[in-house]
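A.B. asks: Following this note's numbering, the numbering of the sequence shown begins with 82 at its first residue and continues without gaps. Here a beta-carbon is modelled for each residue, glycine too, at the ideal position from N, C-alpha and C.
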Amino acid sequence: MRRFIRLAVFVAAYSAAGIVHAQYLDGWDAVGSGNFEEARSAWLDNAYAGDVDLQFNMGLLHESGLLGLADHEAAVRWYRSAAARGLPAAQNRLALLALDGLGMDTDADLATELLIEAAESGFAPAQYNLALAYERGDHLPGDTDLASLWYHRAAVQGLAEAQYGLGRLFVAAEGSGNDPGQALAWYQAAAEAGLAEAENNLGLMYEWGDGVAKDLTAAGTLYRRAADQGLAVAQNNLGIMLQYGRGVEINPVSAAIWYRAAAMGGSPFGQINLATAYANGIGVDQDLTEAYAWILLARVSGDPAAEEVAAEYARRLAPRLDLEARRSAIERAKTHRDEITVEVAHRQSVRLWPRPIEDLGSPAAATQRYLVVLGYLHGVIDGIPGPATRTAIERYQRDQGLDVDGRVSEELVASLVETATKFIVTRDTNDNQN
82 MRRFIRLAVF
92 VAAYSAAGIV
102 HAQYLDGWDA
112 VGSGNFEEAR
122 SAWLDNAYAG
132 DVDLQFNMGL
142 LHESGLLGLA
152 DHEAAVRWYR
162 SAAARGLPAA
172 QNRLALLALD
182 GLGMDTDADL
192 ATELLIEAAE
202 SGFAPAQYNL
212 ALAYERGDHL
222 PGDTDLASLW
232 YHRAAVQGLA
242 EAQYGLGRLF
252 VAAEGSGNDP
262 GQALAWYQAA
272 AEAGLAEAEN
282 NLGLMYEWGD
292 GVAKDLTAAG
302 TLYRRAADQG
312 LAVAQNNLGI
322 MLQYGRGVEI
332 NPVSAAIWYR
342 AAAMGGSPFG
352 QINLATAYAN
362 GIGVDQDLTE
372 AYAWILLARV
382 SGDPAAEEVA
392 AEYARRLAPR
402 LDLEARRSAI
412 ERAKTHRDEI
422 TVEVAHRQSV
432 RLWPRPIEDL
442 GSPAAATQRY
452 LVVLGYLHGV
462 IDGIPGPATR
472 TAIERYQRDQ
482 GLDVDGRVSE
492 ELVASLVETA
502 TKFIVTRDTN
512 DNQN
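1) Starting from G246, follow the alpha helix (DSSP H) in both directions and report where the run begins and ends.
2) Apply the 10 Å Cβ neighbour rule to Q316 and answer buried if 16 or more other Cβ atoms are within range, or exposed otherwise.
3) Candidates L250, D486, H153 and G131: which alpha carbon is nearest I465's?
4) Tell me whether A70 sits in a helix, a strand or coil according to DSSP, three-state version.
5) Would you report the Cα separation of L265 and A300, rounded to the nearest angstrom?
6) Indicate whether H220 and L180 have their beta-carbon atoms separated by less than 8 Å.
7) Please classify T40 as buried or exposed, where buried requires at least 16 neighbouring CB atoms within 10 angstroms.
8) DSSP three-state call for A294: helix, strand or coil?
9) Leaving out five residues before and five after E119 in sequence, what residues of the same chain have Cβ atoms less than 6 Å from its Cβ?
10) How close, in whole Å, do the beta carbons of E242 and L276 come, if the pair is a contact with beta carbons under 8 Å?
11) When the Cα atoms are used, what is the spatial distance from V489 to L135?
12) Kindly confirm or deny that the stretch 199-218 and the stretch 472-486 touch, where touching means at least three C-beta pairs closer than 8 Å.
13) I believe R341 touches L319 by the beta-carbon criterion, under 8 Å. Please report the beta-carbon distance rounded to the nearest angstrom.
14) What's the gap between the Cα of P222 and the Cα of A372?
15) Report the rounded CA-to-CA distance for R161 versus G487, giving the unit in angstroms.
16) Please report the distance separating the alpha-carbon of A98 from that of G456.
17) Going by beta-carbon coordinates alone, are G572 and A358 separated by less than 8 Å?
18) Can you give the Cα-Cα distance for P73 and V425, rounded to whole angstroms?
19) Rounded to the nearest angstrom, what separates I227 and A406 at their Cα positions?
20) Near G395, which residues of its chain fall below 8 Å by C-beta distance, leaving aside the five closest residues on each side in sequence?
21) Sorted by chain position, which residues of the same chain lie with C-beta nearer than 7 Å to M345's C-beta, five sequence neighbours on each side aside?
22) Contact check, A279 vs Q244 under 8 Å by CB: the rounded distance?
23) Identify, in the order they occur along the chain, each residue of the same chain with its Cβ nearer than 6 Å to the Cβ of A164, setting aside the five sequence neighbours on each side.
24) Applying the 10 Å Cβ sphere with the 16-neighbour rule, what's the burial state of D107?
25) Measuring only the C-alpha atoms, how far is R450 from A123?
26) When you compare only the Cα positions, how much space is there between A313 and L483?
27) What whole-angstrom Cβ distance do L168 and L441 have, given they're in contact under 8 Å?
28) How would you label N210, buried or exposed, when you count the other beta carbons within 10 angstroms and need 16 or more for buried?
29) Alpha carbon to alpha carbon, how far is E198 from Q269?
30) Starting from P284, follow the alpha helix (DSSP H) in both directions and report where the run begins and ends.
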């Protein structure tokens, strides 16, 4: 979030001089204040005009549900527009929607084509998703070697999800490929970046002494970090630690609170543990009807192991309820199911947020956007560095005392960002003095 606000502040500083379009500035200002409908309105005209970064972010606003209910068909339209111009971030998101059949018919061939194109361009999120497809055999032949290759390419770029994926491969590998030490190293890298899934798995390694000295206190700390981010499996793990006093002081009330959070997040074992808490009055008032409602949900969770446990628990719990109580439990389960659907959608949507152009995988488009912001270029942000873009680059390079070659590069984008940062510092200092 901080990076987006920084960009909005930077471009807003130039708006008074009329250097950039007011709609673009207003959009980022609206994002910074959480007014996404206003951002959509501000960006709409320039997105229609062909600005690929705004087309992507329009798609993201619609896909995420930040505008209300998710509109996958609208998201697909915007992603298609940006993907047609070769924007890797749009190719990546469009591929995922094509795989899931959201907003369009399922199209595994298109998804694979888009992922490969974006991954080969060096876009780390696409490399990660391609690796995931190879790992799972999802519309591609299962191939752990190719999965490892693409995970590694994204991981060395610092993508936490890929670092986590690489760690999982080292844990799951058989024979000499199984390497807890490598798994630990990659999990640590991803956990340091704040990835909840990595924090949870690293917590498991510390809890059970797998590849590292057993440390229940460290495990509890890691579970809590992941739980605080809304990861349901970590919330369940933290609940277990609190219920049984593993690395933390026993606290059945807190355990039940975390079990409920896990259950609402869709964790079937969280639902089972919450049911157990209600059945036995652990941290909550005993309520057999509520316990049975949660067990019913766990029985249809889609997790075979959890469903087996839940079925046995339901068999033992059912005789303790009369017919009316069981009927009431069914109605409660339906209500909880609807609540879970909303909660899970919310937890997923918070990961989809408008992105600054330097994160979208197109140095050319990023260069154009910053040149427009700085007043060196006027026109559409299309990611195609034509003569006008090259001339603008040369002007910027001369003004900054750089080698003048008119070429797009990562170094040029970094220089543009640095120029923006210096401007902010100078402007803030002057404002404070005045």
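C.D. replies: Once the coordinates are examined:
1) For this step, residue 246 is matched to residue 165 along the sequence shown. Note, G246: alpha helix (DSSP H), A241 to A253.
2) Position 235 of the sequence shown, counting from 1, holds the residue named residue 316. Answer is buried; the Cβ neighbour count reaches 16.
3) For the purposes of this step, residue 465 is taken as residue 384 along the sequence shown, with counting starting at 1. Taking only the C-alpha atoms, the option nearest I465 is G131.
4) The requested residue 70 does not occur in the structure, where the chain is confined to residues 82 to 515.
5) Along the sequence shown, one-based indexing puts residue 265 at 184. Along the sequence shown, one-based indexing puts residue 300 at 219. About 13 Å.
6) Residue mapping note: residue 220 aligns to position 139 of the sequence shown, counting from 1. Residue mapping note: residue 180 aligns to position 99 of the sequence shown, counting from 1. For H220 and L180, yes; Cβs fall inside 8 Å.
7) This structure cannot settle anything about residue 40, because the visible part of the chain is limited to 82 through 515.
8) Indexing the sequence shown from 1 puts residue 294 at position 213. Here A294 sits in coil by DSSP.
9) Walking along the sequence shown from the start, residue 119 turns up at place 38. Taken in chain order, the residues that qualify are A111.
10) Here residue 242 is taken as the residue at index 161 of the sequence shown, counted from 1. Here residue 276 is taken as the residue at index 195 of the sequence shown, counted from 1. Between L276 and E242 the Cβ distance is about 6 Å, and since that is below 8 Å, they are a contact.
11) Against the sequence shown, residue 489 aligns to sequence position 408. Against the sequence shown, residue 135 aligns to sequence position 54. Roughly 20 Å separates the two Cα atoms.
12) no
13) For the purposes of this step, residue 341 is identified with residue 260 of the sequence shown, where counting begins at 1. For the purposes of this step, residue 319 is identified with residue 238 of the sequence shown, where counting begins at 1. About 12 Å separates the two Cβ atoms, so there is no contact after all.
14) In the sequence shown, residue 222 corresponds to position 141, counting from 1. In the sequence shown, residue 372 corresponds to position 291, counting from 1. Spanning the two alpha carbons is a distance of roughly 42 Å.
15) Taking the first residue of the sequence shown as position 1, residue 161 is located at position 80. Taking the first residue of the sequence shown as position 1, residue 487 is located at position 406. Cα to Cα, R161 sits roughly 29 Å from G487.
16) Within the sequence shown, numbered from 1, the residue matching residue 98 stands at position 17. Within the sequence shown, numbered from 1, the residue matching residue 456 stands at position 375. For A98, the predicted structure reports a pLDDT of 35, less than 50, and the residue's modelled location is therefore unreliable. The matter cannot be settled from this model.
17) Any question about residue 572 goes unanswered here, given that the chain covers just 82 to 515.
18) Limits of the chain in this structure are 82 at one end and 515 at the other, which puts residue 73 out of reach.
19) On the sequence shown, position 146 is the one that residue 227 refers to. On the sequence shown, position 325 is the one that residue 406 refers to. Here residue 227 is Leu; the residue named in the question, Ile, does not match the sequence. Looking at the two C-alpha atoms, the distance is approximately 53 Å.
20) For the purposes of this step, residue 395 is taken as the residue at position 314 of the sequence shown. According to the sequence displayed, residue 395 carries Ala and not Gly. Closer than 8 Å at Cβ, skipping near neighbours: Y373, I376, L377 and R380.
21) The residue you call residue 345 lines up with position 264 of the sequence shown. If we look at M345 and ignore the five residues flanking it on each side, its Cβ neighbours are E420, I421 and E424.
22) To locate residue 279, count along the sequence shown from 1; it is residue 198. To locate residue 244, count along the sequence shown from 1; it is residue 163. Sure, about 7 Å apart at Cβ, within 8 Å.
23) In the sequence shown, residue 164 corresponds to position 83, counting from 1. A171, Q172 and L175.
24) Mapped onto the sequence shown, residue 107 falls at position 26. Result: buried.
25) Start at 1 with the first residue of the sequence shown, and residue 450 comes out as number 369. Start at 1 with the first residue of the sequence shown, and residue 123 comes out as number 42. Computed Cα separation, rounded: 16 Å.
26) By one-based count along the sequence shown, residue 313 stands at place 232. By one-based count along the sequence shown, residue 483 stands at place 402. The alpha-carbon atoms of A313 and L483 are separated by roughly 50 Å.
27) For this step, residue 168 is matched to residue 87 along the sequence shown. For this step, residue 441 is matched to residue 360 along the sequence shown. Contact holds; Cβ gap of about 6 Å.
28) Within the sequence shown, residue 210 is the residue found at index 129, counting from 1. Counting Cβ neighbours within 10 Å, N210 comes out buried, since at least 16 surround it.
29) Here residue 198 corresponds to residue number 117 of the sequence shown, with the count starting at 1. Here residue 269 corresponds to residue number 188 of the sequence shown, with the count starting at 1. If I take the Cα positions, the gap works out to 30 Å.
30) The residue you call residue 284 lines up with position 203 of the sequence shown. Note that residue 284 is Gly in the sequence shown here, rather than Pro. A277 to W289 is the extent of the alpha helix (DSSP H) around G284.
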